[in-house]
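Numbering (UniProt numbering), first residue to last: 1 to 514.
Where is the CB? At the ideal position from N, CA and C, for every residue including glycine.
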Amino acid sequence: TQKALAHRFSDKGILAVQMDADRLLLEAQPETNPNVPLALDNLAYLIYTSGSTGKPKAVMAHHHGLLNHACTMRDEYALQPGESILQYISISFDAAAEEISPALISGGTLVLPASAAELSGYDLLHILEQEKINILHVPVPVWHYFIDFLSEKNLPIPESIRLMLAGGEQPSLQKLHRAAQLAEHPIDFVNLYGPTETTIASTFQRVTLSDTLEFEYGLMPIGVPIQNNPVYLLDRELQPVPPGVFGEIYIGGFGVTRGYLNRPDLTAERFLPDPFSKNPGARMYRTGDLGRFNSNGEIIFSGRVDFQVKIRGFRIELGEIEAAIARFDGVKQNVVFAQTPETGGEKKLVAYVVPQDKENFSTDALRAYLSEQLPDYMVPSFFVTLDEIPLTPTGKVDRKALPDPTKGQAAVLSQNYVEPQSKLEKFLYEMWKDILGIERIGIHDNFFQLGGSSIQAATFVNRLQDALGEYVYIVAIYDAPTIADLVQLLKNDYPDGVYRITGERVEHHEKKER
Numbered sequence: 001t002q003k004a005l006a007h008r009f010s011d012k013g014i015l016a017v018q019m020d021a022d023r024l025l026l027e028a029q030p031e032t033n034p035n036v037p038l039a040l041d042n043l044a045y046l047i048y049t050s051g052s053t054g055k056p057k058a059v060m061a062h063h064h065g066l067l068n069h070a071c072t073m074r075d076e077y078a079l080q081p082g083e084s085i086l087q088y089i090s091i092s093f094d095a096a097a098e099e100i101s102p103a104l105i106s107g108g109t110l111v112l113p114a115s116a117a118e119l120s121g122y123d124l125l126h127i128l129e130q131e132k133i134n135i136l137h138v139p140v141p142v143w144h145y146f147i148d149f150l151s152e153k154n155l156p157i158p159e160s161i162r163l164m165l166a167g168g169e170q171p172s173l174q175k176l177h178r179a180a181q182l183a184e185h186p187i188d189f190v191n192l193y194g195p196t197e198t199t200i201a202s203t204f205q206r207v208t209l210s211d212t213l214e215f216e217y218g219l220m221p222i223g224v225p226i227q228n229n230p231v232y233l234l235d236r237e238l239q240p241v242p243p244g245v246f247g248e249i250y251i252g253g254f255g256v257t258r259g260y261l262n263r264p265d266l267t268a269e270r271f272l273p274d275p276f277s278k279n280p281g282a283r284m285y286r287t288g289d290l291g292r293f294n295s296n297g298e299i300i301f302s303g304r305v306d307f308q309v310k311i312r313g314f315r316i317e318l319g320e321i322e323a324a325i326a327r328f329d330g331v332k333q334n335v336v337f338a339q340t341p342e343t344g345g346e347k348k349l350v351a352y353v354v355p356q357d358k359e360n361f362s363t364d365a366l367r368a369y370l371s372e373q374l375p376d377y378m379v380p381s382f383f384v385t386l387d388e389i390p391l392t393p394t395g396k397v398d399r400k401a402l403p404d405p406t407k408g409q410a411a412v413l414s415q416n417y418v419e420p421q422s423k424l425e426k427f428l429y430e431m432w433k434d435i436l437g438i439e440r441i442g443i444h445d446n447f448f449q450l451g452g453s454s455i456q457a458a459t460f461v462n463r464l465q466d467a468l469g470e471y472v473y474i475v476a477i478y479d480a481p482t483i484a485d486l487v488q489l490l491k492n493d494y495p496d497g498v499y500r501i502t503g504e505r506v507e508h509h510e511k512k513e514r
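Here's what the structure looks like:
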């Protein structure tokens, strides 16, 4: 440190070397590297996982994995002596070493802001410009926020930046295009992926920003393995899957850590013998993540194995829905989840959307757009508009902070919402509410767009038959998928049944053949 800053360490029990005041003493020291009694398999650090799947666990990372990662990143990013890297990530997370280690071994400058987590867009821009930062590494949501900030203020990306790194979530293709428009000089963007258990980043995808960027499946890949860290996509029998087929991601090589401190049971469960390695005793880590290879051999991240989504019998990829929503004009951010209503029943897709202009944003238009882009079972049942997506301290989406879409006014099923009024409308509403597990249903909301399945449709028709006392064809719900349409159909075709339900006579019409 420097003499003017040394007081910050006085109460920490740390011996601070003052690079300016102790200059003469330092110049008298040997220029050769000191002999350090460490081996590659010695522990470099203990760091806790986020605990998203349970109680946080301490991961034991060794020097071999850390050194391999640092050297690979130095070479892949062509880091040069004197280049400036912003130390944005908290030291509490292993991704901080993505900034620290490569910078130090390449002779770079590590710039430490006072409190990165509290930086506004203006604060971050000021630091980048003042310190002439060359390499910016932030979580994906922070990168999205910064690109939106620059775009709203009509400001270019600082000219000193040559490389932007982000990880933790799927980068938005829309944001990549926007960043390209803000770049007045060539800038590369790197998408990073890797669990704590395999030492920081295990794969990377590097592209030069361009507003013509396109990716297979509409998603930016997490790329290819870093040096000496093979990555496998395997089926349930631990056999490799072909390109385009989903498989669980397993990671081998130098980056595989020792395992979990004082958790031999969990270590044995997640760290398995590597059947593809020629090195005796080699292990691979079972990530619990899904992926697939594109036609270029790059890996596309496809969510968690334990978060596999099956809607109406179809297995779907939430990232594809998010990518389609992101392409809709006026969407700033979005995240899609599959949720089971508290009342039970089948999972329903919920899209949480941050519009660029909330007052003039139409969820009906978005739903119509998605209906043209995706199969009907991939169109979300709920659209919830938010001012911002809530994040955890690690920069990931905070699922617990998202509003429940089945309650109150949180969700927008249709902007043309009309509350059930008549006895028949209210009767049908109560039946739908019970079957679908949704409280707020308008008379113009579509049964199937609300997440209704063919089984639920059959359940509804069976209950309707019992109430009417007449046989009802199953196609009735397909011909009349809204409460308003059903009311007209029942009045036309089942006037006696309507009287049994409501006690109100309707004008008799000749039944239509079905």
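Measure the alpha-carbon distance for residue i versus residue j and round it to whole angstroms.
| i | j | result |
| --- | --- | --- |
| Ala484 | Val59 | 58 Å |
| Gly223 | Val231 | 10 Å |
| Gly469 | Gly497 | 6 Å |
| Leu402 | Pro380 | 16 Å |
| Asn229 | Tyr417 | 53 Å |
| residue 516 | Val17 | There is simply no residue 516 to check, as the chain begins at 1 and stops at 514 in what is shown. |
| Ile443 | Met431 | 13 Å |
| Asp20 | Lys3 | 7 Å |
| Ser202 | Asp376 | 36 Å |
| Phe328 | Asp235 | 34 Å |
| residue 519 | Lys433 | In the structure as shown, the chain starts at 1 and stops at 514, and residue 519 therefore has no counterpart that could be examined. |
| Ile157 | Phe9 | 35 Å |
| Arg500 | Gln488 | 16 Å |
| Thr208 | Ile135 | 14 Å |
| Phe146 | Ile105 | 28 Å |
| Arg23 | Leu119 | 34 Å |
| Met164 | Leu272 | 34 Å |
| Leu26 | Ser160 | 32 Å |
| Ala44 | Leu366 | 49 Å |
| Asp188 | Ser92 | 27 Å |
| Leu173 | Arg206 | 14 Å |
| Lys132 | Leu5 | 21 Å |
| Asn296 | Tyr48 | 34 Å |
| Val461 | Asp148 | 48 Å |
| Val475 | Gln449 | 16 Å |
| Val472 | Ser453 | 18 Å |
| Lys175 | Leu386 | 18 Å |
| Leu318 | His7 | 51 Å |
| Thr340 | Lys347 | 4 Å |
| Pro113 | Pro225 | 31 Å |
| Ala467 | His144 | 53 Å |
Would you mind giving the Cβ-Cβ distance between residue i and residue j, rounded to the nearest angstrom? I have them listed as a contact below 8 Å.
| i | j | result |
| --- | --- | --- |
| Tyr88 | Val138 | 5 Å |
| Leu108 | Ser90 | At residue 108 the sequence reads Gly, which differs from the Leu that was named. The pair is not a contact, with the Cβ atoms about 20 Å apart (cut-off 8 Å). |
| Gly451 | Leu436 | 6 Å |
| Phe79 | His63 | Looking at the sequence shown, residue 79 is not Phe but Leu. Incorrect: roughly 20 Å between the Cβ atoms, too far for contact. |
| Pro481 | Phe447 | 5 Å |
| Ala324 | Ile200 | Between Ile200 and Ala324 the Cβ distance is about 31 Å, and since that is not below 8 Å, they are no contact. |
| Glu298 | Pro221 | 4 Å |
| Leu238 | Pro275 | 7 Å |
| Pro141 | Gly395 | 5 Å |
| Tyr352 | Ile389 | 6 Å |
| Leu233 | Arg292 | 7 Å |
| Val331 | Leu349 | Their Cβ separation, rounded to whole angstroms, is 16 Å, which puts Val331 and Leu349 out of contact at 8 Å. |
Does the ligand ATP have a heavy atom nearer than 6 Å to the CB of residue i?
| i | result |
| --- | --- |
| Val245 | Of ligands this structure carries none, so the ligand ATP is not represented either. |
According to DSSP, which residues form a beta bridge with residue i?
| i | result |
| --- | --- |
| Phe204 | Leu192 and Val224 |
| Glu317 | DSSP output for Glu317 lists no bridge partner at all. |
| Tyr45 | Ala61 |
| Asp333 | Here residue 333 is Gln; the residue named in the question, Asp, does not match the sequence. Looking at the DSSP assignment, Gln333 forms a beta bridge with Val354. |
| Lys348 | Gln339 |
| Ile135 | Ile85 and Leu163 |
| Leu234 | Pro240 and Glu248 |
| Leu104 | According to DSSP, which records beta bridges pairwise, Leu104 is partnered with nothing at all. |
Determine, for residue i, whether the minimum Cβ-Cβ distance to residues of chain D falls below 7 Å.
| i | result |
| --- | --- |
| Pro186 | The displayed structure is made up of one protein chain only, and chain D is not part of it. |
Q) Does the count of Cβ pairs from the stretch 355-370 and the stretch 420-440 closer than 8 Å reach three? A) no
Q) Does the stretch 25-38 come within contact of the stretch 64-75, defined as at least 3 CB pairs closer than 8 Å? A) no
Q. Can we say the stretch 284-291 touches the stretch 243-255, given the rule of at least three CB pairs closer than 8 Å?
A. Under the three-pair Cβ rule at 8 Å, the stretch 284-291 counts as touching the stretch 243-255.
Q: Could I get the ranges of all uninterrupted beta strand (DSSP E) runs contained in the stretch 56-94, with 3 residues as the minimum, in chain order?
A: Correct list: 58-62 and 84-86.
**Q.** Ranges of the beta strand (DSSP E) found wholly within the stretch 141-199, counting only runs of at least 3
**A.** 163-167 and 188-193
Q. With a cut-off of 8 Å, do at least 3 Cβ pairs link the stretch 252-268 to the stretch 191-200?
A. yes
Q. In chain order, which beta strand (DSSP E) runs of at least 3 residues are fully inside the stretch 246-322?
A. 247-251, 271-273, 283-293, 299-304, 309-311 and 314-316
Q) In chain order, which beta strand (DSSP E) runs of at least 3 residues are fully inside the stretch 360-441? A) 382-385
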